Amino acid sequence: MDLKPIDTSETEEDTSEIPVELDLAGGKIRDAADVDAIPGHKLVATLEESENATLTADGEVVKQSVKGLLTLTNPSDKDRLWDIDVILENSDFSDIEGDLPYSELEPGADQTVGYNVEGPRMLCLRERIDTWTARDKERSLSIERSANAQDIGLEIEVENMGSVQLNDVVVTRTFPVQIQVNEGADYERQGDTITWSVGRLTAGETRTLTIPAAVTAEAVDAIDAGSASATYTAEATLSGMNFGEVDAHCRGFSYMVVDEDERPDNYRCQAVFENRSSFTVDLTKLTVTQTGSDEHLFEIEDVEEDVLPDGRWESDVKVVHSLDKPTFSQELLYTVLPRVSRSTEGTVSLQSQNIEVLEADIDKTYSLDVLRHYRRTELNATIEIENTGSAIINLLRIHDDIPGLFEAPDAASVKASIEGKDLNPEQVRIEVHDGIKHEKNRVSPDGPGFHMEITIGQKGPIGLNPGQKMSINYPLVAPDPSPANDVVAAPARIDFSAERYGPIATRSPRVSPVVRVTHRKVNYDSGKEVFPAGGAGRYEAMIMFNNRADSALQDVVIHDIIPGAFELLEWKVTSSHQGEIKCDMSEEGTTDGKKMSWNIGTVGSGERIEVTYEFKGDPEAGFKVSDAQEIHGIDVGEEMEDDTTSAPAPVEEQEEDISEDVVEEEAVEQSTDDEESSEEETVEESADEQDATEEETVAESEEESDDDSDDDEQETDAEAPESDDSDDEMDAALAKITGASESAESDHSEARTCPICSVEVAAGMAQCPVCSFTF
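Going by our numbering, the sequence shown opens with residue -17, and the numbers climb by one from there.
So this is what it looks like as structure tokens:
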């Protein structure tokens, strides 16, 4: 048996030209509660819709799926239904037909028709997260990386957008481990889920749910803030569709009762309807007309009394005068009483929001860290900011200390770039103020210095994406640095944020640049000695260069010339630090003779270089040794800075404690490393003083008379081990501080003969008084 709606396309050739005409009873749709109070079975018709929607945090639809189901149910266990017609109203937002004729419905059977809905909404959910509630401005979704919990504002708004009441509204939200939520009286908490039982929402009503929360951002990855959802029910359809009419026929029988009256030719007439089913029947129209007459004997619209199962309905009795036995034609419209209902249930979910984390690595460097005293020096300052977080940095401010040994920087010379691409100058605002702001201890005595504020993002977001690096470069000039600038630090502080009114993260370079001024002079000795060697016409020359400066000298070249009639036999170069060394030697002819150049390279502080060579010529040429004593030149290059001893050690900065309004307040740096440096200087000074005292004591002991008593000798012998231990400790301390070798020079306690000029050198002397040869 066919339970589907009648396909009118099979019976009509052109439905657009010949509309389907339905023979409807026209029964009224009653309230379900009233229908339920009437005995008997009813034709059950339901419209059920289910919504699943995903919204943005602002409540805009991302996707929506609404499924509908129309169901007709025959609850009787013995009686069939037929000639079923369903008329739907307000079906504009659905894809179901408005008029649905059905064939029949067996006992206990049901029939369904599915449809889709698009457009309308009943419930709207919105979520607002603000990570910077201190400012009543635009909301922010960024947070500074920190192991400490930071309070945020979080609220959910639920709104009834429909025209009917919503029931059983429940809002739930899950939270990640990075977000901590306190207990509250307005919601229930179970694990990482918070639940609000909102209940009913009248048409157009809005409620706001507030959650006290805090975020802990220990990592640089973006934090998924979790998601919210809401469920609801309604005794109406989301599409707004409802039933206009629902008609069906069952077993029923109608007839006319005609009884002749006591008077001849008068007949008592009555219309009767018998309900022979288990359904309750609604009589909607009765029309009875006597044959041959145009007037209606009965014309009843919507009989008030329903005909119960196996019940009977009788009309009023009317007397009809007729000479013949009267006959009648009747039209009776009825329907099984329908019981209709509409309902919607829905789930609305919000897309989760990400809380981006602010983090950056800061590096500030100077192109030079050691300056020469009283010499104008130019260097370049570079500040590099690498975005190591997940948030886009759109605004930053640099607070940069310029030590007092430098001139005020020229604002026009400051250049800012991202990944090598220069920023628009209008994005950069530079202010230079007198006096440094951050450094308290390692300051320059040459002046108060300057504090430069560089604001980048003046006209709009700069868009420093994660992984990108920004560089700020500017030149500095030290016009006349004094030697008193021992250790001068140049710290900086950088405040940056993702939103204009969002949280501000503050970072400083892990190592601030440190400069110092050296007080160095170029001091050296040079000399030459020529003397006859063994054999006629053979001579030996020795050229000495002794670096007495406190730093190494670069590019040292020693030149000499021998007469053209002579030839060079052999040569060697020795160093007081390295012994015999190898170097390049070049020869070229000149008008004065043969020029020889030894490229020594770098000569360390306190290092003595000796070039010794032997040359031979005609003994009859009249060569005089005194004519060859002239030095023909020693080239000396620049001083070499020794990074291990001359350059100031970089100082790692301590983290600063920054308050909420960090852009406006001064940052106070902790300089524990400087205190350690001061302690080291104190130790070094003490070691120097102690060493000097020890040397004086040793000298005095050597000058004491040999006539001292045996007791004095025994006392001295008893103290000797302690003195030796003290000397060993002092030597070790000095070696550790200065980096010098632990080996000591020999004491030269005996007289020696100079190997160059054969002069007898007295005991205790380390240098020949004639040729300056150093033993």
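All C-beta atoms in this analysis are idealised placements derived from N, C-alpha and C, irrespective of residue type, glycine included.
A quick note: this is a predicted structure, and the numbers were derived from the prediction, not measured.
Residue i vs residue j beta-carbon contact at 8 Å
i, j, result
"Ser124", "Ile438", "no"
"Thr262", "Val289", "yes"
"Asn376", "Glu481", "yes"
"Thr326", "Glu100", "no"
"Asn447", "Asn369", "yes"
"Pro463", "Val499", "yes"
"Leu105", "Ala210", "no"
"Asn224", "Arg155", "no"
"Arg117", "Tyr483", "yes"
"Asp762", "Ile134", "Since the displayed the chain opens at -17 and closes at 757, residue 762 lies outside it and no answer follows."
"Gln450", "Glu401", "yes"
"Leu29", "Leu54", "no"
"Gly234", "Ala185", "no"
"Arg127", "Val339", "yes"
"Pro385", "Val470", "yes"
Rounded straight-line distance, which links the Cα of residue j to that of residue i
i, j, result
"His355", "Leu387", "11 Å"
"Leu70", "Gly50", "13 Å"
"Gly583", "Gln560", "13 Å"
"Ser557", "Lys564", "10 Å"
"Thr213", "Val180", "10 Å"
"Phe255", "Ser297", "9 Å"
"Gly226", "Arg103", "22 Å"
"Asp383", "Asp477", "14 Å"
"Ala531", "Thr594", "23 Å"
"Lys60", "His23", "11 Å"
"Ser259", "Ser76", "35 Å"
"Thr329", "Asp292", "45 Å"
"Ser230", "Gln93", "Position check: residue 230 holds Ala in this sequence, whereas Ser was assumed. The straight-line gap from Cα to Cα measures roughly 14 Å."
"Val270", "Pro308", "12 Å"
"Asp343", "Leu535", "38 Å"
"Leu220", "Gln147", "11 Å"
"Lys397", "Lys419", "22 Å"
"Val140", "Thr188", "6 Å"
"Val152", "Leu183", "11 Å"
"Pro465", "Phe432", "20 Å"
"Pro158", "Ile412", "42 Å"
"Asp276", "Asp264", "27 Å"
"Gln132", "Pro407", "35 Å"
"Val607", "Ile544", "11 Å"
"Lys45", "Glu79", "25 Å"
"Glu620", "Lys503", "11 Å"
Bounding residues of the alpha helix (DSSP H) (the contiguous stretch that carries residue i)
i, result
"Ala195", "Looking at the DSSP string, Ala195 is not in any alpha helix (DSSP H); the run it does join, the beta strand (DSSP E), is Thr188 to Ala199."
"Val17", "Ala14 to Asp18"
Beta-bridge partners of residue i, as assigned by DSSP
i, result
"Gln46", "Ala35"
"Lys300", "Cys251"
"Phe261", "His23"
"His433", "Asp383 and His415"
"Met567", "Trp580"
"Asn72", "BP columns for Asn72 are empty, so no partner."
"Ala534", "Met622"
"Ser395", "Per DSSP, none; premise fails for Ser395."
Where the beta strand (DSSP E) containing residue i begins and where it ends
i, result
"Glu408", "Segment: none, Glu408 is in no beta strand (DSSP E) and carries neither H nor E."
"Arg475", "Ala474 to Ser479"
"Pro83", "Asp81 to Leu87"
"Trp114", "Neither: Trp114 is in no beta strand (DSSP E) and is coded neither H nor E."
"Ile161", "Ile161 to Val163"
"Tyr356", "Careful: Tyr356 lies outside any beta strand (DSSP E) and carries neither H nor E."
"Pro320", "Pro320 to Leu332"
"Thr594", "Arg590 to Lys598"
"Tyr795", "As shown, the chain starts at -17 and ends at 757. That puts residue 795 outside it, with no answer to give."
"Gly583", "Gly575 to Val585"
Residue i: CB within 7 Å of a non-hydrogen atom of the ligand ZN
i, result
"Thr28", "The ligand ZN is not part of this structure, which contains no ligands at all."
Residue-level contact to chain B via CB, residue i, 8 Å cutoff
i, result
"Pro246", "Any reference to chain B falls outside this structure, which holds one protein chain only."
Margin query: For the pair the stretch 588 to 601 and the stretch 511 to 528, tell me if three or more CB-CB distances fall below 8 Å.
Written below: yes
Notebook entry, point to check: Should the stretch 185 to 196 be called in touch with the stretch 149 to 168, which here means at least 3 C-beta pairs below 8 Å?
Noted result: yes
Next item on the list: Evaluate contact between the stretch 442 to 458 and the stretch 373 to 392, counting only Cβ atoms and requiring at least three cross-stretch pairs below 8 Å.
Entry: yes
Notebook entry, point to check: Quick check: the stretch 239 to 250 against the stretch 277 to 289, are there 3 or more CB pairs under 8 Å?
Noted result: no
Notebook entry, point to check: Between the stretch 604 to 620 and the stretch 531 to 540, are three or more C-beta pairs nearer than 8 Å?
Noted result: yes
Item checked: Contact between the stretch 490 to 498 and the stretch 563 to 580 (3+ Cβ pairs under 8 Å) -> no
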